[in-house]
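Enquirer: Numbering (our numbering), first residue to last: 15 to 193. No residue lacks a Cβ here, since even glycine has one placed at the ideal position from N, Cα and C.
(1) Using only alpha-carbon positions, find the residue among 115, 60, 148 that is nearest to residue 131.
(2) Give the secondary structure of residue 134 by DSSP, where H, G and I count as helix, E and B as strand, and everything else as coil.
(3) What residue does the beta strand (DSSP E) around residue 141 start on, and which one ends it?
(4) Please classify residue 162: does DSSP put it in a helix, a strand, or coil?
(5) Pull up the CB-CB distance for residue 192 and residue 164, whole angstroms please, since I reckon it's below 8 Å.
(6) Please go through the stretch 78-155 and give each complete beta strand (DSSP E) segment of 3 or more residues, from N-terminal end onward.
(7) Is the separation between the beta-carbon of residue 150 and that of residue 136 shorter than 7 Å?
(8) State the DSSP-derived secondary structure class of residue 192, mapped to helix, strand or coil.
(9) Rounding to the nearest angstrom, what Cα-Cα distance links residue 6 and residue 57 in this structure?
(10) Please state whether the Cβ-Cβ distance between residue 99 and residue 22 is less than 7 Å.
(11) For residue 49, which residues of its own chain have a beta-carbon under 6 Å away from its beta-carbon, when the five flanking residues on both sides are left out?
(12) Leaving aside the five residues before and after residue 143 along the sequence, list all residues of the same chain whose C-beta is less than 6 Å from its C-beta, in chain order.
(13) Can you check DSSP and say which residues form a bridge with residue 167?
(14) If you run the structure through DSSP and keep just helix, strand and coil, what is residue 181?
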């Protein structure tokens, strides 16, 4: 973190936010040239793309694809990669807290994606439930409440970094199918 602060203070570094723009042809050529195994898998799906069979192909092919980030697989090797300095708002919505920060809020700073919902003395919380499931909550502050499929998560928002460890515990208990 200290190194990141130094780079930011220097003012002559750019940050890779992981936002990429490319043509399909250019991306496929990069996979072909720098990650042939992935390219071969992608090529096998050509007849399925934009058809009703696309999702079934992805479901079958994805688990066989090497586990490597696009940065390592092709971007660090490709010659036609450019960084364009820009200034625009952007948030990584990879955490519940970041989703709460970006979502529209009620008068009590709740990010509410639940309908119908009755909230009494609930503040600064994220609440997401399936549509048409009545949610009634009282005396809650700064929590994440997510009801998704077979899992109900109720967790302090300021301790959400612990959720990753809990997820690993769930998988270790052979309950990963619920996630």
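Expert: Put simply:
(1) Ranking 115, 60, 148 by Cα distance to residue 131 puts 148 first.
(2) When secondary structure is reduced to three states using DSSP, residue 134 falls in the strand class.
(3) 140-142 is the extent of the beta strand (DSSP E) around residue 141.
(4) Residue 162 falls in the strand class under three-state DSSP.
(5) Yes, residue 192 and residue 164 are in contact; Cβ-Cβ is about 5 Å, under 8 Å.
(6) Uninterrupted beta strand (DSSP E) stretches at least 3 residues long and entirely within the stretch 78-155 occur at 125-127, 131-137, 140-142, 149-155, given in chain order.
(7) Result no, Cβ atoms of residue 150 and residue 136 do not sit closer than 7 Å.
(8) Helix, per DSSP.
(9) Any answer about residue 6 is impossible in this case: the structure gives the chain only from 15 up to 193.
(10) Going by C-beta atoms, residue 99 is not nearer than 7 Å to residue 22.
(11) Beyond the five residues adjoining it in sequence on each side, residue 49 comes within less than 6 Å, by CB distance, of 87, 88 in the same chain, given in chain order.
(12) Only 128, 149, 161 meet the Cβ criterion.
(13) 160.
(14) Helix.
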